[in-house]
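Numbering-wise, our numbering comes out as the position in the sequence shown, counting from 1, plus 91.
Report on the following structure.
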Amino acid sequence: MRVLLTGGAGYIGSHTAVELINAGHTPVIADNYSNSCPEVLNRIKEITGVEVEAHEIDMCDAEKVDKLFATGAFDAVIHFAGLKAVGESVSIPVQYYRNNIDSTLVLLDAMTKYGVANLIFSSSATVYGNPERLPLTEDCATGGCTNPYGWTKYMIEQIIRDAAKANPNLSAVLLRYFNPVGAHASGRIGEDPSGIPNNLMPFISQVAVGRRTHLSIFGNDYNTPDGTGVRDYIHVVDLARGHVASLPYCASHKGSVEINLGTGTGYSVKEMAEAFARVNDIPVPYQYAPRRPGDIDACYADPVKAKELLGWEAQLGLEEMCRDTWNWQKNNPNGYKGAN
Ligand code: NAD
Ligand code: UD1
Numbered sequence: 092m093r094v095l096l097t098g099g100a101g102y103i104g105s106h107t108a109v110e111l112i113n114a115g116h117t118p119v120i121a122d123n124y125s126n127s128c129p130e131v132l133n134r135i136k137e138i139t140g141v142e143v144e145a146h147e148i149d150m151c152d153a154e155k156v157d158k159l160f161a162t163g164a165f166d167a168v169i170h171f172a173g174l175k176a177v178g179e180s181v182s183i184p185v186q187y188y189r190n191n192i193d194s195t196l197v198l199l200d201a202m203t204k205y206g207v208a209n210l211i212f213s214s215s216a217t218v219y220g221n222p223e224r225l226p227l228t229e230d231c232a233t234g235g236c237t238n239p240y241g242w243t244k245y246m247i248e249q250i251i252r253d254a255a256k257a258n259p260n261l262s263a264v265l266l267r268y269f270n271p272v273g274a275h276a277s278g279r280i281g282e283d284p285s286g287i288p289n290n291l292m293p294f295i296s297q298v299a300v301g302r303r304t305h306l307s308i309f310g311n312d313y314n315t316p317d318g319t320g321v322r323d324y325i326h327v328v329d330l331a332r333g334h335v336a337s338l339p340y341c342a343s344h345k346g347s348v349e350i351n352l353g354t355g356t357g358y359s360v361k362e363m364a365e366a367f368a369r370v371n372d373i374p375v376p377y378q379y380a381p382r383r384p385g386d387i388d389a390c391y392a393d394p395v396k397a398k399e400l401l402g403w404e405a406q407l408g409l410e411e412m413c414r415d416t417w418n419w420q421k422n423n424p425n426g427y428k429g430a431n
């Protein structure tokens, strides 16, 4: 299939491009590089031997998106494009709502006009807010998001559900990612956050590489076995393969469906820091610090629906997550900047 990846130069999009190529598909990337850089394209070529067609384009620009679709002949779209920094979304909410929602509306218009029927959307476990129960099944209550970023995901899911109801040709898979970590085993593509990382694994790896002195563990009085927060970390290559597995399902169904992409296993912050140190034989000093506002005790998926509908389940474990995160970090201590 010829698959448009909006935001395809980003962390999850670039890994998905590689897995699509491995599975015989043709990804086409559209990205404005607001949180990525074109060097990613060279890296994808290094890994796969394939030069990916790429367009520098803001997905909110309706005219340019229309032109892209006019000649694109896409069989499906995976919509990764979006701003994703939780803290930043609290400071500049309107930009977050505009970018994430406008890009989706523009995309839906173009898909309708050009008869592109299959849409896969990057949603997030954040739509569950404070989990109604664990493990999270797709029918658990959503809403109660603690930040504008989370609300954009909640609202976009609803927009896509409504669009699929109104357009019987549209098929949408709303993938609710749990906590993506790790990198391609080659160490050539990975997560490259700008500034101080908010998320746990990039922070741990920057401590290990010496860019930060220690990890602050936000809270050790949660209602979890060791008191630190528990999350469902999923290797980004597994996650990427979840998109590949969604394509045939999307193409053979109509309407919209929500699917968790997680492993079903939760690990605590302390377990993650200690596993990283053990697997990579490198110290990860940590200190306890106050809770981070908006954080919850625990969050992990029930992954059964993904197995039933997509025939997909996570294959890679904690060891690979820690090993591949470190392999990427140590080979690219400054991310894609100063790349060789
Ligand atoms: P990322 O920032 O690495 O990738 C997003 C890409 O979208 C970037 O390359 C950015 O330049 C591009 N982009 C942003 N706005 C755009 C626009 N208007 N037009 C064109 N391109 C635009 O993020 P990621 O981690 O790869 O996440 C991909 C998607 O998955 C996002 O929608 C994110 O919200 C969602 N998601 C991510 C996580 C996570 O932890 N990484 C968890 C749940 C959901
Ligand atoms: C966060 C976002 C969520 C987003 C997800 C993936 C919040 C409230 N939620 O989820 O919307 O979808 O990232 O991008 O920000 N931790 C530390 N020290 C650190 C960093 C993190 O102890 O320096 C802890 C956190 O308290 C949490 C765990 O590590 O218990 C995971 O944190 P993080 O990677 O930010 O993911 P989430 O909080 O699950």
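Every residue, glycine too, gets a C-beta built ideally from N, C-alpha and C.
Bear in mind that the values here come from a model prediction, so they are computed numbers and not experimental data.
Across which residues does DSSP place residue 392 in a beta bridge pair? For the purposes of this step, residue 392 is taken as the residue at position 301 of the sequence shown. According to DSSP, which records beta bridges pairwise, residue 392 is partnered with 227.
Have a look at residue 408 and residue 326 and give me their C-alpha separation to the nearest angstrom. Along the sequence shown, one-based indexing puts residue 408 at 317. Along the sequence shown, one-based indexing puts residue 326 at 235. About 7 Å.
Using a Cβ-Cβ distance cut-off of 8 Å, determine whether residue 174 contacts chain D. Note that chain D does not occur in the displayed structure, where there is just one protein chain.
Quick check: residue 382 and residue 309, are their CB atoms within less than 8 Å of each other? One-based indexing of the sequence shown puts residue 382 at position 291. One-based indexing of the sequence shown puts residue 309 at position 218. Contact check for residue 382 against residue 309 passes: the beta carbons are separated by less than 8 Å.
For the ligand UD1, is there any heavy atom lying closer than 7 Å to the beta carbon of residue 310? To locate residue 310, count along the sequence shown from 1; it is residue 219. At least one heavy atom of the ligand UD1 is nearer than 7 Å to the Cβ of residue 310, so yes.
Could you round the C-beta distance between residue 104 and residue 171 to whole angstroms and report it? I think they count as a contact, below 8 Å. Position 13 of the sequence shown, counting from 1, holds the residue named residue 104. Position 80 of the sequence shown, counting from 1, holds the residue named residue 171. Right, their Cβ atoms sit about 4 Å apart.
Do you know offhand how far residue 345's Cα is from residue 384's? The sequence position of residue 345 within the sequence shown is 254, counting from 1. The sequence position of residue 384 within the sequence shown is 293, counting from 1. Their backbone Cα atoms lie some 39 Å apart in a straight line.
What residue does the alpha helix (DSSP H) around residue 337 start on, and which one ends it? On the sequence shown, residue 337 is found 246 positions in, with the first residue counted as 1. Per DSSP, the continuous alpha helix (DSSP H) segment holding residue 337 begins and ends at 327 to 342.
Quick one, are the C-beta atoms of residue 225 and residue 391 less than 8 Å apart? For this step, residue 225 is matched to residue 134 along the sequence shown. For this step, residue 391 is matched to residue 300 along the sequence shown. Yes, the Cβ-Cβ distance between residue 225 and residue 391 is below 8 Å.
Kindly examine the ligand NAD and report whether one of its heavy atoms sits closer than 7 Å to the Cβ of residue 171. For the purposes of this step, residue 171 is identified with residue 80 of the sequence shown, where counting begins at 1. Indeed, a heavy atom of the ligand NAD lies less than 7 Å from the Cβ.
Out of 163, 320 and 127, which has the shortest C-alpha to C-alpha gap to residue 94? Residue mapping note: residue 94 aligns to position 3 of the sequence shown, counting from 1. Looking at 163, 320 and 127, the one whose alpha-carbon comes closest to that of residue 94 is 163.
Tell me whether residue 387 sits in a helix, a strand or coil according to DSSP, three-state version. In the sequence shown, counting from the first residue as 1, residue 387 sits at position 296. Of the three classes helix, strand and coil, the one that applies to residue 387 here is coil, per DSSP.
Between the beta-carbon of residue 122 and the beta-carbon of residue 108, is there less than 8 Å? For the purposes of this step, residue 122 is identified with residue 31 of the sequence shown, where counting begins at 1. For the purposes of this step, residue 108 is identified with residue 17 of the sequence shown, where counting begins at 1. For residue 122 and residue 108, no; Cβs fall outside 8 Å.
Chain-order list of residues whose beta-carbon lies under 7 Å from that of residue 244 (same chain, five-residue window excluded): Along the sequence shown, one-based indexing puts residue 244 at 153. For residue 244, same chain residues with a beta-carbon under 7 Å away, outside a window of 5 residues either side, are 214, 215, 217 and 218 in chain order.
Taking just the CA atoms, how far does residue 314 sit from residue 223? As a working mapping, residue 223 is identified with position 132 in the sequence shown. As a working mapping, residue 314 is identified with position 223 in the sequence shown. Each residue's Cα considered, the two are about 15 Å apart.
Pick out the complete beta strand (DSSP E) segments inside the region 159 to 205, 3 residues or longer, and give them in chain order. For the region 159 to 205, whole beta strand (DSSP E) runs of length 3 or above, ordered along the chain, are 167 to 170.
Pick from 270, 400 and 133: whose alpha carbon is nearest that of residue 356? Within the sequence shown, residue 356 is the residue found at index 265, counting from 1. When only C-alpha atoms are compared, the closest one is 270.
Over the uninterrupted beta strand (DSSP E) stretch that includes residue 132, give me the two end residues. For the purposes of this step, residue 132 is taken as residue 41 along the sequence shown, with counting starting at 1. That residue, residue 132, is in no beta strand (DSSP E); its alpha helix (DSSP H) goes 130 to 139.
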